[in-house]
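Here is the structure we will look at.
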Amino acid sequence: MALIVQKYGGTSVGSIEKIRNVAHKVMANRDQGHDVVVVVSAMSGETNRLVEMAKSISDPPNPREYDVLVSTGEQVTISLLSMVLDSEGYPARSYTGWQVGIKTDAIHNKARIKEIDEHNIREDLNQGRVVVVAGFQGIDDKNNITTLGRGGSDTTAVAIAAALKADECQIYTDVDGVYTTDPRIEPHARRLDKICFEEMLELASLGAKVLQIRSVEFASKYNVPLRVLSSFQEGSGTLIVPEEQIMEQALISGIAFNRDEAKLTILGVPDKPGIAYKILGSISDANIEVDMIIQNVAADGTTDFTFTVHRNDFKQAQDILRATAQALGAREVKGDDCIVKISLVGVGMRSHAGIASKMFGTLADEGINIQMISTSEIKISIVVDEKYLELGVRVLHSAFGLEEATA
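So for the sequence shown, this note's numbering puts the first residue at 869; every next one is plus one.
Right under this line is the structure:
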């Protein structure tokens, strides 16, 4: 008998019919003798409806009251699912985040879990109940309701699985696993049977939206086996485990991409110590995150400094950079918000040379110009014109044989 934590997102519980479908999956696990804890999100569209109501009163809304409001969406789902299970003869008990003892810090709207009191959950499991927990929420030391940020139900599920030392944490979503790339871009994308935590973290941070990054970090830290499954079709999904549990590592496991990129360049800046800080300090002070950075030094003692930001921050960052350029006596500022980032990810890169040259050669054959390059131990990211996104992903997917099953 295993202890399984299952998480169902908003699209999986978007109607009474879908909630009944979730109940039947839970019941099937109970029939096999497993203990089950279920973490659910609000019904699809409900959180957005609550957010819009809050913003119609005050934008931005009071953070504490915002959390009180948006946390109610999950309360509806946990009660409905518990009712369905009870009506089918499977005793169930629902808990909000504060009732189940999910303690967080006091940062409203994006709180982090500090600890979980698993006493109530274990007591119910020992009495043969299914435990249904509201995702995305907790309580701080002063008993204020807090929320974990969008996608926080994944983190709730993994945290509960870690606290209970569950045999597996299953994340049910509208896709049937983690793919080598987005099947909407590359029809030959292949579902991966297994992938390691490190690769999944990179893919999630680089644009793959299957799992919330914090949930993968949590699973990796506490060694919780994580499985991505579809709510709407049967299958074994993708298992995310420590690297040592994967017998043979693929050279490249996946290709991620991000459309939300913009590039800024400040030209003709004096090349002297502290210049990078002067350029990026004001950007950081505006709470704008910088991703890739390139600095080119010219023979005349000046430097060109290029960096990328989220496309939503482009205009604000451009205005800040123009003011900085004037203060530093730079030549000009250029900007481009029609770029994308494409990334190869794979722990196999550690032991194989030539990945970058093969990547660059493949893109050159298609006439795709690379504007920026960033590398780490298990990833290579490039920036290209937005119009080349789909072509770039497809030719790289083919060049590295990602459509072919590996051992």
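Every residue gets a Cβ at the ideal spot worked out from N, C-alpha and C, and that includes glycine.
- Contact annotation, K1209 with S1249: C-beta distance approximately 6 Å; criterion of less than 8 Å satisfied.
- The three-state secondary structure of N1237, taken from DSSP, is coil.
- Look at the stretch 1155 to 1198 and you find these whole runs of beta strand (DSSP E), each 3 residues long or longer: 1158 to 1165 and 1170 to 1178.
- Cβ neighbours of E1200 within its own chain (closer than 6 Å, five residues either side excluded): L1135.
- For T1133, the closest alpha carbon among the candidates N1011, Q943, L953 and D1204 is that of D1204.
- When DSSP states are grouped into helix, strand and coil, L1270 belongs to the coil group.
- Counting of Cβ neighbours within 10 angstroms places M1240 among the buried residues, the total reaching 16 or more.
- Excluding the 5 residues flanking it on each side, S947 has same chain C-beta neighbours closer than 7 Å at S962, in chain order.
- Look at the stretch 991 to 1043 and you find these whole runs of beta strand (DSSP E), each 3 residues long or longer: 998 to 1002, 1005 to 1007, 1013 to 1015 and 1036 to 1041.
- Of all C-beta pairs linking the stretch 1098 to 1106 to the stretch 1169 to 1176, fewer than three are shorter than 8 Å, placing the two stretches out of contact.
- Between the C-alpha atoms of A1198 and P1138 there is a straight-line separation of about 7 Å.
- Under the DSSP assignment, I884 falls in the alpha helix (DSSP H) whose first and last residues are I884 to D899.
- With a contact defined as Cβ atoms closer than 8 Å, A1185 and I1156 qualify at about 5 Å.
- T1176 places its beta carbon less than 8 Å from that of D1159.
- As the crow flies, the alpha-carbon of Q900 is around 8 Å from that of M869.
- At a Cβ-Cβ threshold of 8 Å, E1271 and R1058 count as neighbours.
- Here T879 is not near D1022, since their CB atoms are 8 Å or more apart.
- At a Cβ-Cβ threshold of 8 Å, I970 and G1006 count as neighbours.
- Our two residues, E1102 and V1096, have alpha carbons roughly 12 Å apart in a direct line.
- Measuring C-alpha to C-alpha distances from D1128 to each of M951, N1164 and L1074 identifies L1074 as the nearest.
- Counted as a single uninterrupted DSSP element, the beta strand (DSSP E) harbouring P1138 occupies residues G1122 to P1138.
- Residue state for T972 is assigned as strand, using DSSP reduced to three classes.
- Going by C-alpha positions, I925 is about 28 Å away from H1178.
- For C1064, DSSP records a beta bridge to V1109.
- The Cβ-Cβ distance between L1257 and F1125 falls below 8 Å.
- The continuous stretches of alpha helix (DSSP H) do not include I1114, and DSSP gives it neither H nor E.
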